[in-house]
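What follows is one structure encoded as structure tokens, with my remarks underneath.
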Amino acid sequence: MSSVQPGCLWVVATPIGHRDDLSARAIATLRAVHVVAAEDTRHTRPLLVHHGIDTPLMALHEHNERDAVEAIVRRLVAGESVALVSDAGTPLISDPGFRLVRAARAAGIRCVPIPGACAAIAALSVAGMPSDRFVFEGFLPPKSAARRSRLQQLANESRTVIFYESSHRVAESLADMRDIFGAQRDAVLARELTKLFETVLGEPLGELAVRVAADPDQQRGECVLLVAGRGEEADAKLAEGRRIFAILREELPPAKAAKMAAAISGAPRKALYESEK
Ligand code: SAM
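So the sequence shown is numbered by numbering that gives the first Met the number 0: it starts at 0 and just counts up by one.
Structure below.
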């Protein structure tokens with residue numbers, strides 16, 4: 000483990016479910032620092048107790064952030080070592096801590112990551128979706144109009160898109176995604192990762208939206224949603240299919256023209272047929 004240096008801010012990832020997903024280096028760091036700044040001390044204490052750590056805790060959450068940041072930076076400048084943790088996973092990733100890290104760095108304090116669990120990365124690692132490029136969108140707006148408008152802005156995104164979503168809204172969000180990205184777009188729902196009811200479902204959005212809406216068990220726990228990017232290959236096929244369809248339509252009825260254009264181009268017949276409507 001790295002020796003804990005004075006005046007250093009350690010940004011420590013904690014588990015997203017399974018308590019043993021706390022690295023040996025994280026345990027040693029949490030033991031050695033002067034204080035652990037936690038999003039919710041009541042939540043973090045059992046984790047520390049489980050690992051035999053009795054370092055004092057202090058709270059750093061969105062409601063006391065300004066005062067807490069000042070107090071922590073003062074301690075760091077005075078030479079104390081501080082670890083920052085959130086309720087689960089990597090601090091700052093849809094969690095508090097950004098203002099503290101920014102203030103610490105501005106004060107010339109060294110900030111050291113102790114990497115570990117992150118739900119977005121854990122989900123991506125088992126989704127079987129292109130992972131060389133991806134975007135993390137965090138939480139969508141809770142209200143449908145704002146959510147749909149955000150999704151509309153992402154409709155042409157070609158990279159895999161990762162969302163965090165509350166289980167109460169997962170069915171609604173999937174329905175909006177299906178409407179905006181199209182029923183054929185591949186998606187994955189990764190639920191309760193590292194926990195007892197861990198589930199990873201991968202289907203086109205149309206099927207996934209129906210399945211989740213029909214099954215209350217799929218609307219429980221913590222969820223990550225991943226949506227495949229808009230494929231350039233599929234777009235090119237569709238454009239070619241539409242071009243052929245338009246030529247054939249001059250001689251043939253729509254159903255027959257769509258069937259032939261689909262066979263020639265590889266584009267979905269239904270999409271070609273519907274392009275006339
Ligand atoms: N900082 C955390 C991280 O590194 O993943 C994320 C914190 S954010 C407030 C909480 C959200 O992360 C949940 O609403 C859910 O979308 C996702 N999440 C956290 N734990 C999860 C798990 N075990 N399985 C699936 N999603 C999880």
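Just so you know, even glycine gets a beta-carbon here, dropped at the ideal spot from N, CA and C.
Remember, it's a predicted structure, so these values are computed and weren't measured experimentally.
| query | result |
| --- | --- |
| Could you check the C-alpha separation between R242 and E231 for me, to the nearest Å? | 17 Å |
| Return the residue from the list V209, L188, L192 and L195 that minimises the CA-CA distance to A182. | V209 |
| Please classify F138 as buried or exposed, where buried requires at least 16 other C-beta atoms within 10 Å of its C-beta. | exposed |
| How big is the Cα-Cα spacing for V100 and A119? | 21 Å |
| Going by other Cβ atoms of all chains shown within 10 Å of its Cβ, with 16 needed for buried, is S80 buried or exposed? | buried |
| With 16 as the cutoff for other CB atoms within 10 Å, does G228 come out buried or exposed? | buried |
| Measure how close the beta-carbons of G127 and I15 come, nearest whole angstrom, since I'm counting them as under 8 Å. | The Cβ separation is near 20 Å, so there is no contact. |
| Using a Cβ-Cβ cutoff of less than 7 Å, which residues in the same chain neighbour R18 once the five nearest sequence positions on both sides are dropped? | L46 and H49 |
| Determine the direct distance from the alpha carbon of S157 to that of A260, and round the result to whole angstroms. | 25 Å |
| Determine whether the beta carbon atoms of H60 and E38 lie at a separation below 8 Å. | yes |
| Quick check: what's the CA-CA separation for D216 versus E275? | 40 Å |
| Can you tell me whether DSSP reads L8 as helix, strand or coil? | strand |
| Among the residues of its own chain, which have a CB less than 8 Å from the CB of S124, if the five just before and after it don't count? | S130 |
| Just checking my contact of W9 with A82 at CB under 8 Å: how many whole Å lie between their CB atoms? | 4 Å |
| Under a Cβ-count criterion, where at least 16 other Cβ atoms within 10 Å of its own Cβ denotes burial, should Q152 be classed as buried or exposed? | exposed |
| Any heavy atom of the ligand SAM closer than 7 Å to the Cβ of T89? | yes |
| Run through the DSSP bridge pairs and tell me what G265 is partnered with. | Beta-bridge pairing links G265 to no other residue. |
| Confirm, please, whether the CB-CB distance from S22 to G115 is below 8 Å. | yes |
| Do S143 and R219 count as a contact pair if the criterion is CB distance below 8 Å? | no |
| Kindly indicate which three-state DSSP category T40 falls into: helix, strand or coil? | helix |
| In whole angstroms, what is the alpha-carbon distance linking E136 and Y272? | 34 Å |
| Going by the C-beta, is V223 closer than 7 Å to any heavy atom of the ligand SAM? | yes |
| Excluding the 5 residues flanking R184 on each side, which residues of the same chain have their C-beta closer than 7 Å to its C-beta? | P203, L204, V226 and A227 |
| Please return the same chain residues whose Cβ sits closer than 6 Å to the Cβ of A102, not counting the five positions on each side in sequence. | V68 and V72 |
| State yes or no: is the C-beta of A281 nearer than 7 Å to some heavy atom of the ligand SAM? | Within the shown structure, residues of the chain are numbered from 0 to 276, placing residue 281 beyond reach of any answer. |
| From the DSSP output, in three-state form, read off E221 for me. | strand |
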